[in-house]
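In the working numbering, the protein residues as written are 178 to 355.
Think of the CB as a built atom: it goes at the ideal place given N, C-alpha and C, for glycine as much as any other residue.
What follows is a set of notes on a single structure, which appears directly below.
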């Protein structure tokens with residue numbers, strides 16, 4: 178159903194098909210009476226730094242996150258963000274075959290380190306593939322939490338992957354909303 182954003186009262190209503198109106202397939206804003214009344218909680222931020230070897234090094238963040246999340250007894254969300262354009266966050270089963278062989282081989286096929294990257298000509302460096310690989314996964318991740326635990330699967334760990342071509346220290350910014 179298409180919704181009309183020019184309707185009275187600010188709430189989206191079914192479009193009548195008139196000319197001169199912008200039509201979207203979704204509401205563009207919530208009804209006024211409901212804004213600001215759905216979330217009551219608190220937000221807390223913490224961060225920590227991890228050392229990496231670079232070159233698709235995968236670091237298991239779950240032990241540190243479990244320690245930090247233990248203080249939050251309510252239901253909520255843990256959002257993680259890594260600063261830098263050559264690192265990414267994801268979840269996976271942290272086991273040697275996947276971490277040391279399968280994933281590095283996959284990223285080598287997707288964004289080969291020996292391919293031509295205009296980024297390298299621009300900045301006269303060697304990490305164009307690092308930026309491309311990090312962009313595939315992204316710098317952020319959100320995990321639900323409850324009773325002081327992350328609600329991940331039994332074999333699912335939160336990991337940082339550092340794609341840069343040298344060792345780095347990466348800061349992980351964590352925000353908990355309960």
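Below 8 Å on the Cβ atoms is my contact criterion, and I expect residue i with residue j to pass it. Report the Cβ-Cβ distance as a whole number of Å.
i, j, result
"residue 258", "residue 350", "5 Å"
"residue 303", "residue 355", "That pair is no contact at about 43 Å."
"residue 276", "residue 235", "5 Å"
"residue 228", "residue 325", "Rounded, the Cβ-Cβ distance is 27 Å, inconsistent with contact."
"residue 245", "residue 223", "6 Å"
Roughly how many whole angstroms lie between the Cα atoms of residue i and residue j?
i, j, result
"residue 309", "residue 337", "16 Å"
"residue 231", "residue 344", "5 Å"
"residue 271", "residue 331", "11 Å"
"residue 226", "residue 241", "10 Å"
"residue 328", "residue 300", "41 Å"
"residue 239", "residue 262", "22 Å"
"residue 296", "residue 290", "12 Å"
"residue 339", "residue 347", "8 Å"
"residue 288", "residue 249", "39 Å"
"residue 274", "residue 298", "34 Å"
"residue 318", "residue 237", "14 Å"
"residue 260", "residue 311", "11 Å"
"residue 278", "residue 269", "14 Å"
"residue 255", "residue 233", "24 Å"
Does residue i come out as helix, strand or coil in the three-state DSSP assignment?
i, result
"residue 321", "strand"
"residue 249", "coil"
"residue 299", "helix"
"residue 239", "helix"
"residue 333", "coil"
"residue 328", "coil"
"residue 224", "strand"
"residue 244", "helix"
"residue 278", "helix"
"residue 343", "coil"
"residue 256", "strand"
"residue 264", "strand"
Taking all protein chains shown into account, decide if residue i is buried (16 or more other Cβ within 10 angstroms of its Cβ) or exposed.
i, result
"residue 253", "buried"
"residue 353", "buried"
"residue 307", "buried"
"residue 220", "exposed"
"residue 251", "exposed"
"residue 265", "buried"
"residue 316", "buried"
"residue 305", "buried"
"residue 292", "exposed"
"residue 313", "exposed"
For the segment 283 to 297 and the segment 326 to 337, state whether three or more C-beta atom pairs, one from each stretch, are separated by less than 8 Å. no
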